[in-house]
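Only one structure is covered here, and it is reproduced in the block below.
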Amino acid sequence: MMVHEINDENFAAETATGLTVIDFWAPWCGPCKMQSPVIEEMAEADNTIKFCKLNVDDNKATASSLGIMSIPTLLIKKDGQIVDQVVGYHSKEQLQKLFAEYTA
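Its first residue numbered 1, the sequence shown is counted upward by one per residue in UniProt numbering.
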């Protein structure tokens with residue numbers, strides 16, 4: 001599965017069902033550039049999780065309303081409800097362990 005680019009307008013609809021991981025990022029953010037290939041690799045390998053990216057520079061309303069202060073931030077939603085949030089770069093192994101809690 002691919003990583004879906006989402007925005008302020010479609011955030012709620014795109015993250016309303018199933019297990020969704022949203023990567024809050026910006027083009028100027030070094031750690032975001034490191035996190036992005038990990039997210040893309042995981043999206044290709046796992047079709048049980050929907051992976052989305054939201055550019056905080058272009059979509060300030062969503063980031064602000066959710067209190068996203070640092071990036072990269074990964075927000076995990078299950079059936080539209082926020083169940084977890086992690087800030088900073090995380091390896092594929094760290095993320096697999098984290099996501100396993102919500103896919104079991």
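Cβ atoms here follow ideal geometry from the backbone N, Cα and C, with glycine treated the same way.
Everything numeric in this text was worked out from a predicted model, so none of it was measured.
Exposure of residue i, with buried meaning 16 or more beta-carbon neighbours within 10 Å
i	result
Pro72	buried
Trp25	buried
Ala104	exposed
Residue i, enclosing alpha helix (DSSP H) - first and last residue
i	result
Val38	Gly30 to Ala45
Residue i, DSSP secondary structure in three states
i	result
residue 126	The structure shown does not extend to residue 126, since the chain is modelled only from 1 to 104, so the question has no answer here.
Thr73	strand
Leu66	coil
Glu9	coil
Bounding residues of the beta strand (DSSP E) (the contiguous stretch that carries residue i)
i	result
Thr15	Segment: none, Thr15 is in no beta strand (DSSP E) and carries neither H nor E.
Thr48	That residue, Thr48, is in no beta strand (DSSP E); it is neither H nor E in DSSP.
Asp23	Leu19 to Trp25
Residue-chain proximity (residue i, chain D), Cβ-Cβ < 9 Å
i	result
Val86	The chain inventory of the structure shown lacks chain D, comprising one protein chain alone.
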